[in-house]
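Residue numbers (my numbering), protein chains in the order written: chain F, 33 to 935; chain Y, -18 to 111. Built from N, CA and C at the ideal position, the CB exists for glycine as well. Here the structure comes first, spelled out in structure tokens, and everything after it is commentary.
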Amino acid sequence: MKCGTAAMKAAFAGVSYGGLASAAFLLCLLSGVFLSLHYDPANALLSLSGILLYNPWASFWRNLHFWSAQFMLVFLLIHLWGYLRRKNFTVLRPGVWFRLGMALPLAFFLMFTGFLLKGDADSRQASLIFRNLLNALDPGEQWLAASLLGPGETLLIPYLHHVATASILLLLIVREHARKLWPGSRTFILSLLLLAIPVLWLIPPLHDGLDPVLKGPWYFAGLQELLHWITEPMLVWILGLVFIMLVWLLRTAGTRTAKLIRTGLLLYTLSYALLTVMAIFFRGAQWQLTVPGQGENRGRYPWVQFVLADHAKGLTFTDSLAGKESCLHCHDRFRGFSPGHDPRQIGCASCHGGNIFSMDQGIAHRHMTTIPGDLANVGRSCGLAACHPEMLPRIRNSLMTRLSGLIAVNHWVFGELPSPDSLFDIHRLGQSPAGLHLRNLCLSCHLGNPKTESGPLGESSRGGACLACHLQYDRKAEKALLQYRMGRFRNEMREYDHPAVSIRTGNSHCFGCHSRSGRIALSYEGWHECLEEDTAGKAGGKYRVLADGRLLEFVSADVHHEIGMQCTDCHDAMEVMGDGNLYRHKEEAVKIRCTDCHRIAPPVIFQAEDLDYESAKIRRLWGMDSLLPFIAGDISGRPLPGARLRGDSMVFRIRGGTADLPLRPPAPACVRGKVHESLSCSSCHTAWAPRCIGCHTAFSPAETGWDHLAKKETKGQWTEQVAAFVHSLPSLGVDHREGKRVIRTVVPGMIISLDQASFPGSAEKDRSFHRLYAPLEAHTTMRKGRSCKSCHNDPVALGYGEGRLEFVATGPGLGKWQFIPAYELSGSDKLPADAWIPFMGERKPPLATRSTLRPFTPAEQRRILAPGACLTCHDQHSPLMLASLDSFERLQKNMSPACRKME
Amino acid sequence: MKRKEFIWLLPAFFILGVAWVWRKAVRRDRLSRERIRVIPIAARGEPLQMTRDVIIVRSGDRPRAFLGRCTHLGCRLQLMTGGQLVCPCHGSVFGSDGRVERGPALKSLRELPVHLNPVTKQYYTEISET
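Spelled out as structure tokens, the structure:
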């Protein structure tokens, strides 16, 4: 052993760090000459990614060039430190000492220009920083930046300095200092041996442009960290100058001063090393503190084994967002993409991540996201800076992500929030009784719910963020997925029918979540959810069973569904994905109104130049960009998806359709007189609405539940027992939102007996009963409005619940209304099970799931029922009743003796 | 001053002279001609929109435009959750009104003038490029 050590010592006798630095520098110069044959400063990133992918021999020179430069700097630093520890420098002339002192800044400049020449995302930002640092020295004429970096963002001047100016100057200094250029055979061989491992195994990193983490070269990482803490860039130059001055003073300093200077330099170096460690290991995206190995870092360290094999024979590589990608080398016959997401345009890594510069399957697929677009990874896929970054804040603030209204109402009913109109966020949801209630029963329906399995969206699909609306599987893609699952592509996957990601969001995308709660997805298509016992005795009905086992009965479809309109024909991108604002309830976020299309007032129009980027792009993708001018929505002020002016008339083009449909204004009866001016369109044109009557909710401590938000089991679970699902014309209520009095359609929202006492830790008094109605646009629009009697003589419309409402004579010329409920009276509040208010009476709040919503007051009920009394004898189309639309008071004054007036 | 010392100073004067001429020659406005790039802005649209170099904010009647570069050291900004603009290089954070919410940057984002074309009624802004 001793013999071996001695032999090693003898073999490398005379080898110094300075010599190793010189050898590394020579290797760097040599490899640089070969590398320059393959490098194009005008297309730096493309030429380098090309080298990585299909020119392993040029890649060898690049590896040697990079690693020899790193070794040179490291050995130079060690050599300098050893040199500065010498006792006496006075033998050196001032000029020589100055040039030696400049060797380190010059070496840094040489290395830094090399870093800039990568032309990747790191380099481009580093170039901007360096330019601004130089401009801090020379803010007026900026000649320093122009001299060192050139006028624009081209790499020609840095390239010139790298290959000529800095290299030649450093070579001259080395020659003057060492008095020779050749470090000796032993030193040269040793440096080659040291370089062999990194050169053959480690390919230097190249930022793929998709990674949100941006860092400078390792030797300037400390500087980058320092700049995070200081606001004045000039301080960097001052600190650098102080360092050089300290070195300069060392030559003539006395023993005591030299010791102080050396201590100062040591502290300088240690502080910088600490900053460097901080920057390299503890900083992530947006320079936030992070734990090493975590965060959104996905492609910065493509350590690839160097293989001298001609991978790319006969193949072409695709230029993507990030440069050239290796993915399509193996997956070259993937089909099925929409034009905007074709990997021949945007590559594969912009969605799926991975390492685009590696030809090794394992390394290329490392950190790959199989199902991109979830909220957890959307920042690394759809929300990348080069793709749709503006969507991120919108999606994260949207109601479909935050579920503000649903959570706030639930917590209010449980007594955990003071108002049903509080702003809430699903990410703040705790484990309280109300929180667990939602976790057990509701919270699979939110955009943050990750899509965990590949495959098309179906009736049971929930969440999936971007994919929830934009994933499109055709039959070929479904077949390909099946084959994949059966193992057909285990060895090779060149050909595959990939699902598309496109703008063509259909009703089926919305169906999964919106077939629950208000069930508008079911109602729109005409389906009503019912219980099996409800079908007894009904022959000839049309039924359907959903994938989750729910039974549906066909009632009647929305007139818009019948002509083929999809949800997104009304609800535009701003409504669906959010406009960035926080909303408490869906009715605040939804801006579309029936009167936007079916209007009397002349519309505001949008010409092509008025369209914002998003609206213009959506129209172009649907092939509707030439259909001008578009009509603006009254509330949103945005162009409606398909409505436009054609000549003097308004028409509607369904997305993907070819025919223009005429848009008719409201019928004369809708706008005649003022008696109905506060009615929303849906009050009359809703054919039916689902009504869920009575629900008992209790906690079962012994059962094991499922937390849909956290995706784990819960000890105990909330369960619901539903009394009845029925459908009828909707009830009506008064909404005072936005300072206006509007009559809206309402349904029983939460007629619920809540057994909170069953929850561990709750008191016996925590049993409660709630009778709350909720606003609902049922999406069952019919062409012809409901009859007059269906409001003025209908107990459901007025909020009394189902039953018999009759006008009976009480004396000559007099009559009164009486009501016999269909449902039994509740033991909790002595009202019929489905009622909102008592007959001709009122209740104390809380009354509805919105603070702005209320039932009719007794005075309003009387005003509604008074024409109802007339309608018991007179036809609604009779001249007399039509005249009442102008003034019912005048009609009442001129009543005939045969008429009965309401008591 | 001795004649030998004066001769030694000659190269220094020469270098200073060359530097002076060099400085004049590579002045930014002489090295390249500045070009004005016009960026059209739609009056309606997303509240916060980010293009390669310009950030467009729509909050009132008239859109506003900011240069999408950090005022600390000029890095291109990234749009983040919550409508904030973050510098990926050193972590400065700006609000959608251009004001600094977190350093190291001290100055608000540079606001670009937004003009209205009287003929087309189209808003636009301009940035200079070299």
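Within the region 74 to 90 of chain Y, contact with chain F at the beta-carbon level (separation under 7 Å) is assigned to Gly84, Pro85 and Leu87. Within the same chain, Cβ atoms closer than 6 Å to the Cβ of Thr736(F) are found at Glu745, the five residues on either side in sequence being excluded. Straight-line spacing of the CA atoms in Tyr855(F) and Ala865(F) works out to 6 Å. According to the DSSP assignment, Leu192(F) belongs to no beta strand (DSSP E) but to the alpha helix (DSSP H) extending over Leu188 to Leu192. Closest in alpha carbon position to Ser73(Y), among Gln320(F), Ser303(F) and Leu169(F), is Gln320(F). Across the set Gly405(F), Met927(F), Ala880(F) and Ala177(F), the C-alpha of Met927(F) shows the shortest separation from the C-alpha of Pro899(F). Taking a contact to require three or more Cβ pairs closer than 8 Å, the region 801 to 813 of chain F and the region 761 to 778 of chain F qualify as touching. Cβ contact annotation for Pro890(F) (same chain, cutoff 8 Å, sequence separation greater than five): Met872, Gly873 and Glu874, in chain order. Contacts with chain F at 8 Å (Cβ-Cβ) include Arg4(Y). Taking C-beta separations shorter than 8 Å and ignoring five residues to either side along the sequence, the partners of Thr484(F) in its chain run Ile403, following chain order. Taking CB atoms only, Leu187(F) has no neighbour in chain Y less than 8 Å away. Among the CB atoms of chain F, one or more fall inside 8 Å of the CB of Leu29(Y). For Ser760(F), the uninterrupted beta strand (DSSP E) run begins and ends at Lys744 to Ser760, by DSSP. Spanning the alpha carbons of Val19(Y) and Gly182(F) requires a straight line of approximately 24 Å. A Cβ-Cβ contact shorter than 8 Å links Leu29(Y) with Leu60(Y). Against chain F, a Cβ distance below 8 Å from Val67(Y) picks out Gln318. Where Lys848(F) is concerned, the enclosing beta strand (DSSP E) starts and stops at Leu846 to Pro853. The beta carbon of Arg551(F) sits no closer than 8 Å to any beta carbon of chain Y. Bounds of any beta strand (DSSP E) do not take in Thr322(F), whose DSSP letter is neither H nor E. Between the alpha carbons of Asn75(F) and Leu202(F) lies a distance of about 27 Å. Under the DSSP assignment, Ser800(F) falls in the beta strand (DSSP E) whose first and last residues are Arg799 to Pro807. Taking the Cα of His603(F) as reference, the smallest distance to any Cα among Cys629(F), Val268(F) and Ala579(F) is reached at Cys629(F). Within 10 angstroms of the beta-carbon of Glu834(F) lie 16 or more other beta-carbons, which makes it buried.
With fewer than three CB-CB distances shorter than 8 Å, the region 223 to 233 of chain F does not count as touching the region 134 to 153 of chain F. One finds Trp175, Ala178 and Ser179 in chain F with Cβ atoms closer than 8 Å to the Cβ of Val7(Y), taken in chain order. In the structure shown, Asp78(Y) adopts coil according to DSSP, grouped into three states. When rounded, the separation of the alpha-carbon atoms in Val309(F) and Phe57(F) is 26 Å.
Cβ-Cβ distances below 7 Å link Trp175(F) to nothing in the same chain once the five nearest sequence neighbours on each side are left out.
Fully contained in the region 650 to 719 of chain F are the following alpha helix (DSSP H) runs of length 4 or more, in chain order: 700 to 703 and 713 to 717.
Proximity of the region 153 to 164 of chain F to the region 191 to 198 of chain F falls short of the contact definition, fewer than three beta-carbon pairs being nearer than 8 Å. Contacts between Gly55(Y) and chain F, judged by CB atoms closer than 7 Å, involve Leu160, Ile161, Arg163 and Asn164 in chain order. Just measuring C-alpha positions, the residue of Cys501(F), His478(F), Tyr505(F) and Cys474(F) sitting nearest Ser486(F) is Tyr505(F). Taking 8 Å as the cut-off, the beta carbon of Ile161(F) is found no closer than this to the beta carbon of Cys68(Y). In the three-state reduction of the DSSP assignment, Ala841(F) falls in the strand class.
Its Cα nearest to that of Gly146(F), the residue His97(F) stands out among Pro324(F), Leu837(F) and His97(F). Residues of the same chain with a CB within less than 6 Å of the CB of Cys820(F), apart from the 5 flanking positions on each side, are Leu903 and Gln908 in chain order.
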